[in-house]
Structures are given as structure tokens and as C-alpha cells.
Amino acid sequence: TNPAIAFLLPLVAVGATILSAPQAWALAALAVLEYSLLWRFHHPVQLADANMAMTWHLAGMWLGFSFSALTVVWFVVRLNAALLRREQALAASDAARARDAYVVGVGKLAAGAAHRLGTPLGTLRILSDELARRTDLGDDAREDIELMRTQVDHCRDILNGLAREAGQQRAEGGGAVSATDWIDGVLTRWRGLRPHASAALSVPVPLNAARIVADASLGEALHNLIDNAANANAKAGQARAPVGVRAQVSGGDFVVEVSDQGGGIPAAVCAAARTGPLAGSVSGMGLGLFLAHSAVEHHGGTLGFTIGSNGGTIARLSIPLQEKPE
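The sequence shown: position 155 = 168 (the working numbering), numbered continuously.
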């Protein structure tokens, strides 16, 4: 006759959901035992008025039902929210594994291509040397030949360094480097490969002892962003305009902003680049932006895009600092 006995039922239901099977059965047995003991051990309520007794009994039943309903709804809502977060985490994990598998596949293809490119690059080097020895060429032609030889040497250096850098990454997993030295090195390599383009580095506040954990893939990510900005300038008829590169420390992150004077990049393109190469992209098959996203996320950073005041695109690369500057 105790209406408060209904309070036990939602607690048993919640326990059966979150406890192990033995614990859930034990909880159910305790609830049944308590219910059974109340038959023998209870304190009867002495009410002279039978109508008042029924009123109190109905009020107790209402309170028990309300408590049970609220408890069940609260728990189910929390459980559904937890399941939704778990599903989202699993989906994000599956997407990350798919991206990693794609990157590994691209790496295998790149290794094979690097091996096959050795022969044609060697042939180009021999031909450029023979052309340089000719005496019937003008100064303009000789400058073009020298540029070709320089570019071939850059390509050979890149291919020769692939295996070495890959071995170091497997052994060391990337190390802490000076943020200043890192960005200067990336810009130096980029200028060597794009002598007809330019990039202007801006450092509003000295970086001092700022250090980041970076490997070759992170340098390639920034290289691709600068390359895309230079291509955007050229496409917009601003080939002589320098690519803007701004580096600064913001909070606990090292932030690099790469800006161009092109027509801007659509938001849909940025979102699609996170999952794979952009369909329909001719230059680099859209692979550069996808690999940049993958490398930055691998280092615990973020990569975002906004539209600048001049209508161009600003790529914002943010990497956690390994040590904060003093």
C-alpha cells in the first residue's frame, strides 16, 4: 500500500542500463527483496478519515509516477546524447582513417614515381649541359638554359631527399624546430622553385624562442599554400604581386597567414578538400590542399580560409607551440 515503492522501478531501469549484468541482477534482487520486506515490516499510517487516507494514497501515487517519469526521461535524453557523441566520434575516426589510407596510397604512388623520374631528370641534365656548351646561343637562351638546369637540380634534390626525410620521420617522428628557421627554410625552397614569383614575409612581433614540432610534411603544406596563392595571383592577372606571408604567435599557437589577390576560394571547395583531391582541378589534381589539411591536422593544428579585404583568399595555418617564447 506504500505508493513510494514506485521510486524503485526507474532506479532499477537505470542500473540495468549502466551496470554490468551481475550487478544489474543484484540490484533487481535487492529491489524485490525490499518490496517483499515491506509486507512484513512497515509502519501503518493511522488516519481516522478513510477519504483522507485515499487522498494521501493518490497523492503519493502521483508523486511516485512523476518522479519515475522525470527520472526515465532525464536518463534517456542523457543516454541518447552520449550515443550521438559516440557516433559522431566514430564517424570522425572513420573519416580520419580513410584520409590516412588515401595519404598512404598517394605516398606509395609518389615513391614509385620518384624512382621512375630519376632517369628522365638525368637525361634532361645531360641535355642542358650539352646546350650550355654551345657557342651559337644568345644571352637570353643561355639564361633560359641555366634556369632549366637549376630547376632540374631542384627536382633531383627533392627526389634524393624523399627517402632520407621519410627515414628520419619514421625514426624521430619530427622534432622541435625554431619557428623562424622553419618558415625561412620553406620560403627559401619555394623561391628556388618559383623564381619568377615572389613572397613577402611579415613578422609584426619578433618570434624570439618560439618553437614548433614539424616534419617535412608540414613544410610541404605551407609550400602548397604559398604555391596556390601565387597561382591565384597569376590567374587574376597579378603575377607580379607578391604573396603575403604573415607569421606571429597567438596565444599558444604559431600562426601563419598566406594571402593572395585572386578571386577567392569558395567555401564548398575548402570543405571538399578535407576528404580528398578536388574534382576537376588541373594544377596538382587538387592534391596539394588535401595534403595540407592532412599534414596540419596530423600536427594538432588547424587550417582555415577567409576572404580578404581585397577579395583574395587568406589561408590561416595554426600550429601549437612546443615552447612558448619567453
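Every residue gets a Cβ at the ideal spot worked out from N, C-alpha and C, and that includes glycine.
This one's a predicted model, so the numbers in the text were calculated from it and none came from an experiment.
As assigned by DSSP and simplified to three states, the class of residue i
{"i": "Asp232", "result": "Note that residue 232 corresponds to Gly in the displayed sequence, not to Asp. Looking at Gly232 - three-state DSSP - the assignment turns out to be helix."}
{"i": "Glu339", "result": "Low confidence applies to Glu339: its pLDDT is 47, below 50, so where it sits in the model is not reliable, and the reading given next is rough at best. Reduced to three states, the DSSP call for Glu339 is coil."}
{"i": "Gln36", "result": "helix"}
{"i": "Gly317", "result": "strand"}
{"i": "Gln274", "result": "coil"}
{"i": "Arg329", "result": "strand"}
{"i": "Phe20", "result": "helix"}
{"i": "Asp149", "result": "coil"}
{"i": "Val216", "result": "coil"}
{"i": "Ser211", "result": "coil"}
{"i": "Gly77", "result": "helix"}
{"i": "Gly324", "result": "coil"}
{"i": "Gln59", "result": "coil"}
{"i": "Ala189", "result": "strand"}
{"i": "Ala102", "result": "helix"}
{"i": "Ala222", "result": "coil"}
{"i": "Gly257", "result": "strand"}
{"i": "Phe88", "result": "helix"}
{"i": "Ala227", "result": "strand"}
{"i": "Phe267", "result": "strand"}
{"i": "Met298", "result": "In this prediction, Met298 scores a pLDDT of 44, lower than 50, which makes its location untrustworthy; the coordinate-derived value is nonetheless stated afterwards. The answer is helix: DSSP assigns Met298 an H, G or I state."}
Residue j beta carbon less than 8 angstroms from that of residue i
{"i": "Ile327", "j": "Gly314", "result": "no"}
{"i": "Ala243", "j": "Val256", "result": "yes"}
{"i": "Val268", "j": "Gln335", "result": "no"}
{"i": "Gly324", "j": "Gly277", "result": "yes"}
{"i": "Val309", "j": "Ala260", "result": "no"}
{"i": "Leu96", "j": "Gly131", "result": "no"}
{"i": "Gly275", "j": "Ala249", "result": "yes"}
{"i": "Ser263", "j": "Gly321", "result": "no"}
{"i": "Val85", "j": "Ala26", "result": "yes"}
{"i": "Arg169", "j": "Leu134", "result": "yes"}
Reference residue i, options the options, closest by Cα
{"i": "Thr163", "options": "Asp152, Ser141 and Tyr48", "result": "Ser141"}
{"i": "Asp228", "options": "Ala104, Ala126, Ala189 and Gly135", "result": "Ala189"}
{"i": "Ile196", "options": "Glu270, Asp157, Asp152 and Asp153", "result": "Glu270"}
{"i": "Leu24", "options": "Val309, Leu40, His311 and Leu97", "result": "Leu40"}
{"i": "Val45", "options": "Leu22, Ala94 and Ala66", "result": "Leu22"}
{"i": "Leu122", "options": "Gly321, His312, Leu300 and Glu310", "result": "Leu300"}
{"i": "Ala114", "options": "Leu330, Leu304, Ile139 and Pro208", "result": "Leu304"}
{"i": "Ala210", "options": "Asp194, Asn241 and Ala26", "result": "Asn241"}
{"i": "Asp266", "options": "Thr193, Trp203 and Leu330", "result": "Leu330"}
{"i": "Arg207", "options": "Val165, Ala34 and Leu71", "result": "Val165"}
Any non-hydrogen atom of the ligand GDP closer than 7 angstroms to residue i Cβ
{"i": "Glu310", "result": "Of ligands this structure carries none, so the ligand GDP is not represented either."}
Residues of its chain near residue i, where Cβ-Cβ distance is below 8 angstroms and the 5 sequence neighbours each way are ignored
{"i": "Leu200", "result": "Ala212, Leu214, Ile239 and Val258"}
{"i": "Gly205", "result": "Thr163 and His167"}
{"i": "Met161", "result": "Leu137 and Ser141"}
{"i": "Leu92", "result": "Thr30"}
{"i": "Glu159", "result": "Ala145"}
Contact set for residue i: own chain, Cβ-Cβ below 7 angstroms, skip 5 residues either direction
{"i": "Ser307", "result": "Arg112 and Val116"}
{"i": "Gly28", "result": "Ala37 and Leu40"}
{"i": "Phe78", "result": "Ala19"}
{"i": "Ala254", "result": "Asn246 and Gln274"}
6 angstroms CB neighbourhood of residue i in its chain, flanking five on each side removed
{"i": "Arg155", "result": "none"}
{"i": "Gly232", "result": "Val199"}
{"i": "Asp152", "result": "none"}
{"i": "Thr319", "result": "Ile327"}
{"i": "Ser230", "result": "Ala308"}
So, do the segment 235 to 247 and the segment 213 to 222 have three or more beta carbon pairs nearer to each other than 8 angstroms? no
Kindly confirm or deny that the segment 46 to 58 and the segment 97 to 108 touch, where touching means at least three C-beta pairs closer than 8 angstroms. No: fewer than three Cβ pairs fall under 8 angstroms.
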